[in-house]
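What follows is a set of notes on a single structure, which appears directly below.
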Amino acid sequence: MAAKPDLKLLGMSVSPFVIRVRMALHMKGVSHEYIEQDLFNKSELLLESSPVEKKVPVLIHDGKPVCDSPAIVQYIDEVWAATGPPILPADPYERAVARFWTAYVDDKLFPAYVGTAKAATEEERTQQINEMFAVMGQLEEAFAQCSNGKAFFAGDSIGNLDIAVGCNLLLLEVLRSMYGVEFVDTGRTPLLAAWAKRFGETDAAREVVPDVHVAVEYAKKRQAYWAAAAATK
Amino acid sequence: MAGEDELKLLGTWASPWVSRVKLALHLKGLSYEYVEQDLDNKSDLLLTSNPVHKKVPVLIHNGKPICESVVILEYIDEAYGTTGPSLLPTDPYERAIARFWVDYIDQKLVIPWKVAFTADGEEEKTEGIKQMLAVVQTLEGALKECSKGKPFFGGDSVGYVDIALGGLLAFLQGTEELCGTKPFDIANTPLLLAWVERFTALDAAKVALPDVTKLVEFAKTKRAQMALSIKK
């Protein structure tokens with residue numbers, strides 16, 4: 466039996482990018498030390514390990530830091546290739562499709578979420594919300610294409626794209642809680658609605674995703690921070 | 736692989752993202768059909784191959800489209816793993832570092848460059864230039880870290896980060912004329928300056944990168960057109 470890896474994950478419990486990495490580690494069954502970070506008061510360790518971006522997640526393996534969640538997920542998949550299920554598919558074309566949609570989600574969904582939370586006017590907020598609806602519509606189509614009638618984006622069990630999209634479900638619940646908007650509903654996005662339920666029931670999701678109240682509290686703290694910063698300008 | 740292997744690249748001559756793909760294909764020694772696109776009058780082929788973004792580059796391999804330059808680069812490396820040199824390093828940690836820097840280039844360099852290029856007022860332009868130069872300085876550090884004294888980000892030979900940055904080279908070389916500042920200079924970025932010399936001397940660069948003079952003229956025309964349409 467291999468020795469326990471020297472593995473640390475610097476994270477913040479409600480960050481979708483951190484959730485994504487924790488799910489990847491869970492899929493591979495890799496033991497690691499999780500260290501929650503205070504993003505309003507960044508630790509020395511975080512600043513040293515992620516000097517360029519100063520962000521979470523950071524995976525520190527044998528003292529060497531890996532930053533950026535897509536790079537981290539692929540690193541985990543490659544280092545622990547012999548353990549657990551594959552995170553990315555084996556076929557190069559399917560890998561390209563998975564990477565394409567992961568980039569799409571990261572470029573469109575998270576910024577729209579931040580835009581919604583940060584919006585100064587109702588008009589701005591509505592614009593951002595409409596952007597999110599457009600993104601979810603696109604992801605509904607992506608799911609139809611990728612899943613081929615199976616339960617998850619990756620097929621019978623979760624893969625890279627499931628965790629890339631799934632890690633954002635918490636944010637959608639935050640927006641539902643705060644603004645009453647439903648982004649994943651059986652009317653508009655039936656496939657995603659069914660998938661979201663299945664995804665929420667996976668071991669990975671149960672282990673790693675915090676309660677929506679925690680996420681709402683953090684969102685409110687962030688909003689207060691932005692408001693204070695804007696006021697001091 | 737036995738049988739027909741068909742590669743088609745949809746692109747535009749000026750696009751740095753398309754240049755990246757051309758670089759990779761050339762470095763791998765792969766032949767392909769290049770189809771120049773008119774982005775003001777998008778072809779059916781482009782629209783059906785990239786329905787989500789409707790952009791170039793699109794690589795079509797045996798009829799199957801791959802979109803987004805970075806996704807295409809990794810695809811080429813994986814689908815043609817036994818052809819030509821590897822574009823990404825073999826070590827997982829080095830791969831993660833390479834992926835980090837490519838993402839950094841895409842997220843951080845392009846936006847301030849555009850700001851400096853299109854800025855209306857002096858203040859906006861100065862801010863764009865300042866941010867762009869800060870990013871370039873970070874990339875100087877990245878080159879030092881990744882190359883470990885060797886000629887390229889990829890070491891002895893051209894790699895993923897070299898291609899990602901190299902695709903932008905014609906724009907970088909035109910930056911002084913387009914944005915009002917040199918991106919690289921001997922005092923602050925000596926390694927990058929030397930890297931530019933080496934990279935532009937490559938056969939792949941001569942094939943893949945557009946002529947800088949032509950590009951600068953084209954960019955200025957586009958900028959003037961955009962300014963005019965905004966004023967209306």
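In the order they appear, the protein sequences are chains A and B.
Taken in order, the first sequence gives residues 466 to 698; the numbers are from my numbering.
Taken in order, the second sequence gives residues 736 to 967; the numbers are from my numbering.
All residues carry an ideal CB built from backbone N, CA and C; glycine is no exception.
Cβ-based neighbour list, residue i, same chain, cut-off 8 Å, excluding 5 preceding and 5 following
i	result
B/P945	W748, A749, S754, A905
A/D533	E518
B/I840	L874, V896, A899, L900, L903
A/G528	D471
A/E638	V677, A680
B/E739	N797
B/F919	V871, L907, L927, L928, V931
B/K968	Since the displayed chain B opens at 736 and closes at 967, residue 968 of chain B lies outside it and no answer follows.
A/T667	I623
Per-residue contacts from residue i into chain B (C-beta, under 7 Å)
i	result
A/P557	Y810, E813, A814
A/V517	Y839, T873
8 Å Cβ cut-off: residues of chain B touching residue i
i	result
A/I569	It should be pointed out that residue 569 of chain A corresponds to Tyr in this sequence rather than to Ile. Chain B residues near A/Y569: V787.
Under 9 Å from the C-beta of residue i: neighbouring residues of chain A
i	result
B/C802	A561, F565
B/D838	D533, P535, A536
B/A899	The contacting residues do not exist; B/A899 stays about 13 Å from chain A at best.
B/R830	A536, Q539, Y540, E543
Beta-carbon contacts of residue i that lie in its chain and below 6 Å, excluding the five residues immediately before and after
i	result
A/Y683	V479
A/A616	R663
B/F934	G901, A940
A/G665	none
B/C802	N785, V793
A/V531	L524, I537, Y540
A/T654	M601, E605
A/A661	L634, V649
B/T818	K763
Whole-angstrom C-beta distance between residue j and residue i, which should lie under 8 Å
i	j	result
A/I552	A/N625	5 Å
B/T924	B/I864	At roughly 14 Å, the Cβ-Cβ gap does not stay under 8 Å, so B/T924 and B/I864 are not in contact.
A/T548	A/G494	6 Å
A/I541	A/A489	5 Å
B/S804	B/W848	In fact, because the Cβ distance is near 16 Å, the residues do not count as touching under 8 Å.
A/T586	A/L640	At roughly 17 Å, the Cβ-Cβ gap does not stay under 8 Å, so A/T586 and A/L640 are not in contact.
B/L762	B/L822	7 Å
A/L474	A/P522	6 Å
B/G894	B/A959	Their Cβ separation, rounded to whole angstroms, is 38 Å, which puts B/G894 and B/A959 out of contact at 8 Å.
A/L636	A/Y578	5 Å
A/G575	A/N633	Sequence inspection shows Phe at residue 575 of chain A; the Gly mentioned does not correspond to that position. About 7 Å separates the two Cβ atoms, so the contact holds.
A/W570	A/V630	Here residue 570 of chain A turns out to be Val, not Trp, going by the sequence shown. Rounded, the Cβ-Cβ distance is 6 Å, consistent with contact.
B/L809	A/R564	Reading off the sequence shown, one finds Glu at residue 809 of chain B, where the question assumed Leu. The Cβ separation is near 7 Å, so the contact holds.
A/A584	A/R590	4 Å
Under 7 Å from the C-beta of residue i: neighbouring residues of chain A
i	result
B/F835	C532, D533, A536
B/A929	Near B/A929 there are no residues of chain A at all, since even the closest Cβ is about 22 Å away, more than 7 Å.
B/P827	Y540, E543, V544
B/K799	Y558
Beta-carbon proximity list for residue i, same chain, < 7 Å, skipping 5 on both sides
i	result
B/V951	G909, E912, L913
A/P550	M492, S622
B/Q866	P847
B/L878	F888, L926, L927, W930
A/E501	G476, M477, S478
A/S642	V677, V681
A/Q409	There is no way to answer for residue 409 of chain A, as the model of chain A reaches only from 466 to 698.
Contact set between residue i and chain A, taken where Cβ atoms lie within less than 8 Å
i	result
B/K865	Neighbours of B/K865 on chain A: none; closest Cβ ~17 Å, over 8 Å.
B/A869	Those do not exist, as B/A869 stays about 11 Å from chain A at its closest Cβ, beyond 8 Å.
B/V806	A561, R564, F565, A568
B/Y895	Simply none; closest approach about 12 Å.
* Hey, which unbroken runs of the alpha helix (DSSP H) at 4 residues or more fall wholly within the stretch 868-902 of chain B? -> Entirely contained in the stretch 868-902 of chain B, the alpha helix (DSSP H) runs reaching 4 residues are, in chain order, 895-901.
* Asked: Using a Cβ cut-off of 8 Å, which residues of the stretch 519-548 of chain A contact any Cβ in chain B, in chain order?
  -> For the stretch 519-548 of chain A, the beta-carbon criterion of a distance under 8 Å to any beta-carbon of chain B is satisfied by H526, K529, V531, C532, D533, P535, A536, I537, Q539, Y540, E543, V544.
* Complete alpha helix (DSSP H) runs within the stretch 756-818 of chain B (minimum length 4 residues, chain order) -> Unbroken alpha helix (DSSP H) runs of no fewer than 4 residues, entirely contained in the stretch 756-818 of chain B, are found at 779-784, 804-814, following chain order.
* **Those runs of the alpha helix (DSSP H) which lie wholly inside the stretch 587-646 of chain A and span at least 4 residues** => If we require 4 residues or more, the alpha helix (DSSP H) runs fully inside the stretch 587-646 of chain A come out as 587-612, 625-631, 634-644.
* Could you tell me which uninterrupted alpha helix (DSSP H) segments, each at least 4 residues in length, are contained entirely in the stretch 483-535 of chain A, listed from first to last along the chain? => The qualifying runs are 509-514.
* Going along the stretch 596-607 of chain A in order, which residues come within less than 7 Å of chain B, judged by CB to CB distance? -> Listed by position, the residues of the stretch 596-607 of chain A near chain B (Cβ gap below 7 Å) are Q603.
* Identify each residue in the stretch 745-774 of chain B for which the Cβ-Cβ distance to at least one residue of chain A is less than 7 Å, and report them in chain order. => Sequence-ordered contacts of the stretch 745-774 of chain B with chain A are nonexistent [C-beta pairs closer than 7 Å].
* **Contiguous alpha helix (DSSP H) assignments of at least 4 residues, all confined to the stretch 822-859 of chain B** => The stretch 822-859 of chain B contains, as complete alpha helix (DSSP H) runs of 4+ residues, the segments 827-839, 845-853 (chain order).
* Within the stretch 908-944 of chain B, ranges of the alpha helix (DSSP H) (whole runs, at least 4 residues) -> Counting only unbroken stretches of 4 or more residues, the alpha helix (DSSP H) elements lying wholly within the stretch 908-944 of chain B are 910-914, 925-936, 938-943, in sequence order.
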